[in-house]
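The structure appears below as C-alpha cells.
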Amino acid sequence: MLALFDIRTLLLTTTLVNLLIATLLFAYWRRQATYPGFGFWTASHALVSSAYLLIALRGQIPDILSIVLAQALISLVASLRLEGLRFFIDGIWRRSTLIVYPLLVIPPMAYFSLVVDDILVRTIIINLFLTFIVAQMLAILWRKARQPGEGIYWAPFFFFTVFILSLLARFVVLLLSPEARAILAATTTNNAFFLTLLLHDIGLAVSYLMLNNKRRADDLQQTQADLQRLNDNLRQQVQEETERRLAQERLLAHHARLSAMGEMVGVIAHQWRQPLTTLGMILQRLELMHNRGQLTAAGFAEARQAGMRQIESMSETIDDFRNFYSPDRVRSSFPVCQKLREAANLVDGAFAAAGVVLKRDCDIPAPGILHGYPNQFVQAIVNLLNNARDATLSCAPERSQANRAVHLKAGTAGGELIITVADNGCGIPPEMLNRIGEPFLTSKEAVGGSGLGLYLTKTIVEDSFGGRLTVRSRPGETVFTAVIPFEARETLDERT
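The sequence shown runs 1 to 496 under my numbering.
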C-alpha cells in the first residue's frame, strides 16, 4: 500500500504540515508564556518545511538548491532542535552549533552532488550527521527524564529514538537495494521513511507543547509554594510583631502605672495629712484634759468617735486606691457617671493642693452603662485629669490661682459616649500636637514627666474600648475628647 503513494505528494504534504505547525507554534509563542528554546523549535519547523519543498522540486530546480541547500537546511534544523532543547532544559545554548555544523555539511554535499553524483555517500554523510546530533538530544532527554517528576521528557525521547531507527533502517535498505536509492523513487522504503518523518514532526510539535505546559505548571506550582511560604513567614512575622507590641505595651503600661503610683503616693499623703492632723489634735486635747483632770467618760467617748471617723476616712482612701490599682481580669458592665466620680475623687486632693478647680458634669441618660474594664476606664480618666492639671500649672506666671480650672464633662451622641477634659492652660506646642499619644513624649522633663500617661490613655481608649482619642489645642484652651461606643465592639484585647 505504501508503494502506491506519490513521493512528491507526500513531500508537499509534509511541507504544508510543517508550515502549519510552524505557524501554530509561532502564534502560541507570541500569545502564551513560553520558555527559552521554544522559538528555536518554531524556527526549525519553518526551515524543515522549506527543505522538504526543495527536495520535492528535485529535477525541476538546480541540484545546488534541491540537494546542497536542502541538506544544509536539514542540518540547521537538527542544530536548532538540539540547541533549543539544551536552552529549554539547561538555560544555555551554543551559537557555534548553529553556524559550524551546517557549514561542515555543505562542502561534502556540494562535492558529491555537483562534482561526483553519489547518493549513497550523501546519505551516509547526512545520516551520520543527524545521528550525531540526535544522540546528543537523546542524552539530554535521558538525563532529564530520569529525574523525579520529569517523565514527560520520555515523549520527545521516544520520537527521536524512532527517528534514529528510521534513519538506520533506510540506510540498510539503501545498501541492500540500489534501486531504492533515488530519493523520489516510489518505493515502500521511501514512502515509509517520509511518512515516518511526517509523524515524527507532528509528534515533536506535540511534545514541545507538552514540555512547555509542564514547565508552566511547575512554575505555577512553585509560585504557589513560594506564596504559601511567604504567607507563612508573613503570618509568623505578624504574630511575632504582635507579641512584641503587646509585650512592649505591657511594659509601657507597667512603667506608666509605676509613674502614676509615685504620683498617687503624693496624693495619698495629702489625703491623709488632714486626718492625721486632726488625730494629732484629738490626742493632744485628750492629753491636756487628762493632765488637768478634766477628762470624763463622755469626753473620751466623743474623742474616740472623732478619731475613728478620721481613721475610717483614711481607710476609705486606701480602699479607693487599692481598687484603682487592682487589674481588670474580665470585662464587665459599669455605670459611667459613678466611675467618673471615682476618678475625680482620686485626684481631688492633688487638685486642691495645686489650687486647680475641678468641675464635673455627667449628663448621660439612664442607664448609662458601659461594657469593658472599669479600672482601666478610671485610669484613663485620671491620666487625662492629671495631664490637664499639670497643663494649668505650667502657666503659673500667666494664670492666677483663682483662674486655674479643669472641666470634666460626659455626654452621649449617636450611640457613643463622649468624654471631654478641658483645661485653660497655655496649650500644646504645634510641633507636639500631631505626636500626642506617642510613648515617652512629654513637655514636663524638668519635673520628671515620664511621657507615658497619654500613651496609656490612648491605648486603653482605642484597644480596650474600641474608641478613639482626639485633641484640639490653642493658647488658653486644650480639650481631649474620648469617643467610646456603647455597643460591644471587638477590641485588640479580645483579638489577642
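For each residue, glycine too, the CB sits at the ideal point set by N, CA and C.
Could you work out which residue in the options is closest to residue i when comparing CA atoms only?
| i | options | result |
| --- | --- | --- |
| Phe194 | Pro475, Asp6 and Thr420 | Asp6 |
| Thr534 | Tyr153, Leu98, Val48 and Leu385 | The chain is shown from 1 up to 496; residue 534 falls before or after that span and cannot be answered. |
| Leu468 | Ile484, Glu477, Leu454 and Pro475 | The residue you asked about is not Leu; residue 468 is Arg in the sequence shown. Considering only alpha carbons, the answer is Ile484. |
| Phe334 | Ala366, Gly293, Met281 and Ala78 | Ala366 |
| Ile99 | Leu120, Val77 and Ala413 | Val77 |
| Asp117 | Ile21, Glu83, Val68 and Gln379 | Val68 |
| Arg143 | Val173, Ile89 and Leu286 | Ile89 |
| Ala106 | Asp63, Arg146 and Ala482 | Note on residue identity: the sequence assigns Ile, not Ala, to residue 106. Residue Asp63 is the option with its Cα nearest to Ile106. |
| Val479 | Ile419, Tyr153 and Asp218 | Ile419 |
| Leu103 | Ser79, Gly415 and Gly466 | Ser79 |
| Pro429 | Lys339, Arg58, Arg474 and Asn383 | Arg474 |
| Ala350 | Pro108, Ala388, Leu234 and Leu204 | Ala388 |
| Ser332 | Asp218, Tyr373, Arg360 and Asp361 | Tyr373 |
| Arg404 | Ala352, Tyr455, Glu431 and Asn383 | Ala352 |
| Tyr153 | Lys214, Ala135, Gln379 and Ala422 | Lys214 |
| Tyr101 | Ile133, Ile119 and Val121 | Ile133 |
| Phe87 | Tyr35, Leu175 and Ala298 | Tyr35 |
| Asn18 | Val206, Gln376 and Phe129 | Val206 |
| Leu10 | Gly293, Arg250 and Ala56 | Ala56 |
| Leu165 | His200, Leu20 and Asp361 | His200 |
| Cys426 | Glu462, Asn383, Asp232 and Arg472 | Arg472 |
What did DSSP end up calling residue i once you bin it into helix, strand or coil?
| i | result |
| --- | --- |
| Cys426 | coil |
| Pro335 | strand |
| Arg146 | coil |
| Ala117 | The amino acid at residue 117 is misidentified as Ala; the sequence shows Asp. Three-state DSSP puts Asp117 in coil, outside helix and strand. |
| Tyr35 | coil |
| Ser394 | coil |
| Val238 | helix |
| Val330 | coil |
| Ser450 | Summary for Ser450: the model assigns pLDDT 46, below 50, so the residue's position carries little reliability, and this model does not support an answer. |
How far does the alpha helix (DSSP H) with residue i in it extend, from its first residue to its last?
| i | result |
| --- | --- |
| Pro108 | Arg95 to Ala110 |
| Ile92 | From DSSP, Ile92 is part of no alpha helix (DSSP H); its letter is neither H nor E. |
| Ser507 | For the chain, the structure presents residues 1 to 496; residue 507 sits outside this window and is missing. |
| Ser166 | Trp154 to Leu176 |
| Thr296 | Careful: Thr296 lies outside any alpha helix (DSSP H) and carries neither H nor E. |
| Gly453 | Gly453 to Thr459 |
| Tyr28 | Ile7 to Arg31 |
Name the one or two DSSP bridge partners that residue i has.
| i | result |
| --- | --- |
| Ala405 | Val357 |
| Arg474 | Glu477 |
| Ile418 | Gly411 and Val483 |
| Cys362 | Ala410 |
| Arg468 | Val483 |
| Ile541 | With the chain covering 1 to 496 only, the question about residue 541 has no answer from this structure. |
Is residue i near the ligand FMN, with its Cβ less than 8 Å from a heavy atom?
| i | result |
| --- | --- |
| Phe38 | Among the components of this structure there are no ligands whatsoever, and the ligand FMN is therefore not found. |
Are residue i and residue j close, meaning C-beta to C-beta below 9 Å?
| i | j | result |
| --- | --- | --- |
| Arg170 | Thr188 | no |
| Val45 | Leu25 | Strictly speaking, residue 45 in this sequence is His, with Val absent from that position. Contact: yes. |
| Gly39 | Gly91 | no |
| Leu408 | Ile381 | yes |
| Phe163 | Leu197 | yes |
| Gln310 | Leu276 | yes |
| Met581 | Phe160 | This structure does not reach residue 581, given that the chain is present from 1 up to 496, and the question cannot be answered. |
| Thr481 | Thr470 | yes |
| Asn424 | Glu342 | no |
| Met210 | Ala145 | no |
| Ala51 | Leu73 | yes |
| Arg58 | Ser66 | yes |
| Gly307 | Leu288 | no |
| Leu168 | Thr123 | no |
| Ile119 | Met109 | no |
| Leu204 | Arg81 | yes |
| Trp300 | Lys339 | Note that residue 300 is Phe in the sequence shown here, rather than Trp. Against a cut-off of 9 Å, the Cβ pair of Lys339 and Phe300 comes out as no contact. |
| Ile369 | Val330 | no |
| Phe465 | Gly415 | no |
| Arg216 | Ala33 | yes |
| Leu12 | Leu53 | yes |
Where does the unbroken beta strand (DSSP E) through residue i begin, and where does it stop?
| i | result |
| --- | --- |
| Ile484 | Glu477 to Pro485 |
| Leu370 | Ile369 to Gly372 |
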